[in-house]
């Protein structure tokens, strides 16, 4: 803030703890900092105010978005919702979940690409039989108009039980279901799946089922940020989405050259027939680098997969750290040590965007030369070695992981290991692979 004050500008910051008076005060400063969710929810709350004098936000004039591709592309369609409680349907979710587990795999079809589960004709017959015997189905016809609410509950229970995976799409913590952000690997505190899906997951995991909510106000990030007269942003991975930025937001992309030449080595992808063969190759590569003392960062797509690699390394007696949504409390220390000699770090996307891994570790004492000496040793070994355990659906997330190595002109290496059984290959390339 010193530069702003030197220029005669007042700076405000919107945080979750501010009351309306202080929110309005901070919005009226020359420059206001805040998260995208705080800005979005303040807009929704303002639209529910009965008096203009109670509105906290000023006009939407100019906005600069940090990590703009994450906010305007990855989370573009994420709805911000203000809701109120509705009728308690806890018993319905529990009974439907119990009965839906009696179905066989031939009773439904899973569409992973569109994230949906559909009953087959045989499945409809099975549902009618199971639910009629339980006394829940009316008129012995699943699609009878009187059963429309039941159809909705069954569809969500199918998605919860057979499409959404624990420690990948969500995790159970403190007796509640927490959503895991597929782009960042972090827990989305306070967010819940809509339309009864979250309640269906709570029934599946046998935790407390919270009441379903009724939407009172809603807006997506895309629609919110398009209200600004002038919009801009910064990120290291926007070039691949240049067309989308221009078509949706009328924003051209300008690439700024790096301050220092990038000397990182990006090796060709290594492709394997099975996931088991790929995992063994990754572990062997980790052992090879570890023997030399080179620091290694292994990126995974889910909590579950990070724990699989952790288990494999434990069997090989390789000391390592795991960074995922379950162990986020140790994040700062794990990232600070990730660039040290012989350090092995297994992480979800949490170790990607915005993380600056210092070679030799983070220097705490400016007078301590040991960190600088260790940095030089790591450089001699080739810098941080980043291993991607599979390709993500978004190429930008792969680029963010790769970009943890070779920062600020340092040495670094990156490589991705792929198998024909990976989710991306199985879901999007299954037909071509089969032929």
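In full-length UniProt numbering, the protein residues as written are 1 to 435.
For each residue, glycine too, the CB sits at the ideal point set by N, CA and C.
Note that the coordinates shown come from a computational prediction; the quantities given were computed from them, not determined experimentally.
Could you pull out every residue in the same chain whose Cβ sits closer than 7 Å to the Cβ of residue i, ignoring the five residues on either side in sequence?
i, result
"residue 49", "55"
"residue 115", "163"
"residue 362", "336"
"residue 359", "339, 375, 378, 379, 383, 384 and 410"
Closest to residue i by C-alpha separation, out of the options, would be which residue?
i, options, result
"residue 336", "345, 357, 349 and 324", "357"
"residue 256", "270, 248 and 239", "239"
"residue 266", "135, 210 and 399", "399"
"residue 402", "353, 424, 371 and 420", "353"
"residue 348", "341, 380 and 404", "404"
"residue 36", "18, 63, 176 and 10", "63"
"residue 174", "263, 326, 100 and 61", "326"
"residue 59", "229, 301 and 342", "229"
"residue 120", "109, 113, 114 and 130", "109"
"residue 84", "1, 178, 210 and 166", "210"
Output needed for residue i: all residues of its chain with C-beta closer than 6 Å, excluding positions within five of it in sequence on either side, in chain order.
i, result
"residue 142", "124, 127 and 128"
"residue 324", "303, 306 and 348"
"residue 271", "418"
"residue 111", "none"
Does the Cβ of residue i have 16 or more other Cβ atoms within 10 Å, making it buried, or fewer, making it exposed?
i, result
"residue 107", "buried"
"residue 24", "buried"
"residue 435", "Note that residue 435 has pLDDT 48, beneath the 50 cutoff, so the model's placement of it is unreliable and the number below is only indicative. Classification for residue 435: exposed."
"residue 350", "buried"
"residue 212", "buried"
"residue 9", "exposed"
"residue 372", "exposed"
"residue 424", "exposed"
"residue 246", "exposed"
"residue 374", "buried"
"residue 4", "exposed"
"residue 407", "buried"
"residue 414", "buried"
"residue 40", "buried"
Rounded to the nearest angstrom, how far is the Cβ of residue i from that of residue j, given a contact under 8 Å?
i, j, result
"residue 251", "residue 280", "No, residue 251 and residue 280 are not in contact; Cβ-Cβ is about 45 Å, not under 8 Å."
"residue 222", "residue 384", "With 8 Å as the limit, residue 222 and residue 384 do not qualify as a contact, their Cβ atoms being about 35 Å apart."
"residue 416", "residue 391", "6 Å"
"residue 287", "residue 316", "6 Å"
"residue 86", "residue 214", "5 Å"
"residue 97", "residue 165", "Not a contact, Cβ separation roughly 16 Å."
Which same chain residues, not among the five before or five after residue i, have their C-beta less than 8 Å away from its C-beta?
i, result
"residue 13", "26, 32, 33 and 34"
"residue 122", "106 and 107"
"residue 16", "38"
"residue 147", "137, 138, 139 and 141"
Is it the case that the region 235-243 contacts the region 189-200, given that we only count it when at least three CB pairs across the two stretches are under 8 Å?
no
Report yes or no: do three or more beta-carbon pairs, one from the region 290-300 and one from the region 150-169, lie closer than 8 Å?
no
Segment contact, 8 Å Cβ cut-off, at least three pairs: the region 37-47 with the region 207-223
yes
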